[in-house]
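For the sequence shown, the UniProt record's numbering gives the first residue as 1, with consecutive numbering after it. Built from N, CA and C at the ideal position, the CB exists for glycine as well.
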Amino acid sequence: MSVETIYKVTLHPFINESIASLKAMTHLTGTSGDAFMDQVDDFRFKGYAVCSEVTGCINGVIMMHHYPETAIAIGNSVCETMFDEKYNHTEMNDELSNALAEWGNTIVGRSTDLLSRHNLEFNFSSPYFVHNFDDMEKYLVGVKEIVTVPITVEGVGRYYFNLLVRDVNFQTSGAKREESSGIANPHSKPLPTSSKILLVDDSAMIRKALKRFLNNLGYENIIEADDGSVAVAMVESEAPDFMFMDVVMGEMNGDEALSKIRANGHNVPVVMLSSVTDNALVKQCEASGVSGFIFKPIQANNGAEIIKSYLKIA
């Protein structure tokens, strides 16, 4: 299969979304270079990667691949945009890893959603991270082709998109990025500032950002959960007045948690958050009774305003 075909069908949405999300979440400017075939035997791990397994009509791995210095610079920029503070970390740490995870989740979520609209029958795993050079060998097992696209970040350096292809079988064309603003809260009565709000997200960075936005709006009674299963239990034990809940999490996704919360007889208002803009998912959550659906990313320049527009009941 030609580089052009694989790139246009599979990588192109990731490249477009990567550059768009780079601008939105870091205020950095990226430009893509030409796609080329990497030699499998000569392929080398550069130090940090966000990966997603691809199954279905393509079997392989999508890899967003950074040199350490580029990963650190982008991670600092994501944090600065999210929290409106200067970040100058010089080494990879948990905070920067969380920032890159959120950036990667947004890119993969939006890109896979766009691809799914074209009936390509792709399946993508949740993004995960590779830090160790020794881990690379297992990803190369069975790989027949590697398509690489360099992305140059102005004033920072480069990162790369790699598609490690084990097998492929599809027929279609590329997808176009679409802007998504979310599904608004239909209610009009503001949530009292004394209310207890539960934040549910497996990203500590997102919980930190949401808590800061809520504090700026006068809400101080904030509790947190890092998984849908924990959220279900906390609704029972803590009786929150309002919830913001991510969709894609580890043990239990937010849509499943929402269904369980409703099955348990709780009518707490829930606003869902996700980088995945799939209409079927939105309708499924709406059927379980949600008070809105926020499409990520949100950051310092618009976060409080967006959150405030969803803090309504009845």
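Would you mind working out which of the options sits nearest residue i, comparing C-alpha positions?
| i | options | result |
| --- | --- | --- |
| residue 9 | 45, 182 and 163 | 163 |
| residue 239 | 50, 284, 292 and 269 | 269 |
| residue 211 | 288, 141, 124 and 307 | 307 |
| residue 148 | 140, 300, 161 and 155 | 161 |
| residue 92 | 86, 100 and 85 | 100 |
| residue 49 | 66, 34, 262 and 33 | 66 |
| residue 145 | 40, 33 and 309 | 40 |
| residue 156 | 69, 114 and 89 | 69 |
| residue 182 | 78, 259 and 294 | 294 |
| residue 11 | 44, 58 and 43 | 58 |
Assign residue i to one of three DSSP states: helix, strand, or coil.
| i | result |
| --- | --- |
| residue 150 | strand |
| residue 171 | Low confidence applies to residue 171: its pLDDT is 48, below 50, so where it sits in the model is not reliable enough to give any reading. |
| residue 300 | coil |
| residue 16 | helix |
| residue 123 | strand |
| residue 68 | helix |
| residue 293 | strand |
| residue 30 | strand |
| residue 143 | coil |
| residue 92 | coil |
| residue 265 | coil |
| residue 84 | coil |
| residue 313 | strand |
| residue 319 | The chain is shown only over 1 to 314; residue 319 falls outside these bounds and no answer can be derived. |
Between which two residues does the beta strand (DSSP E) holding residue i run?
| i | result |
| --- | --- |
| residue 225 | 222 to 225 |
| residue 160 | 157 to 168 |
| residue 245 | 242 to 246 |
| residue 206 | No beta strand (DSSP E) holds residue 206; the alpha helix (DSSP H) holding it covers 204 to 216. |
| residue 197 | 197 to 200 |
| residue 51 | 48 to 56 |
| residue 273 | 270 to 274 |
| residue 128 | 128 to 130 |
| residue 45 | Taken as a continuous stretch (DSSP letters only), residue 45 belongs to no beta strand (DSSP E), as it is neither H nor E. |
| residue 38 | 36 to 38 |
Do residue j and residue i come within 8 Å of each other at the CB atom, strictly closer than that value?
| i | j | result |
| --- | --- | --- |
| residue 252 | residue 289 | no |
| residue 21 | residue 297 | yes |
| residue 304 | residue 216 | yes |
| residue 299 | residue 82 | yes |
| residue 23 | residue 29 | yes |
| residue 274 | residue 109 | yes |
| residue 87 | residue 98 | no |
| residue 123 | residue 26 | no |
| residue 291 | residue 187 | yes |
| residue 60 | residue 143 | yes |
| residue 246 | residue 202 | yes |
| residue 107 | residue 14 | yes |
| residue 312 | residue 191 | yes |
| residue 102 | residue 206 | yes |
| residue 17 | residue 126 | no |
| residue 198 | residue 225 | yes |
| residue 195 | residue 221 | yes |
| residue 189 | residue 314 | yes |
If I follow the unbroken alpha helix (DSSP H) through residue i, where does it start and stop?
| i | result |
| --- | --- |
| residue 252 | Residue 252 -> no alpha helix (DSSP H), and no H or E assigned at all. |
| residue 229 | 228 to 238 |
| residue 281 | 279 to 287 |
Mind reading off the beta-carbon distance from residue i to residue j? Whole number of angstroms is fine, and I expect it under 8 Å.
| i | j | result |
| --- | --- | --- |
| residue 244 | residue 282 | Not really, about 16 Å apart at Cβ, beyond 8 Å. |
| residue 151 | residue 19 | 7 Å |
| residue 235 | residue 261 | 5 Å |
| residue 219 | residue 193 | 6 Å |
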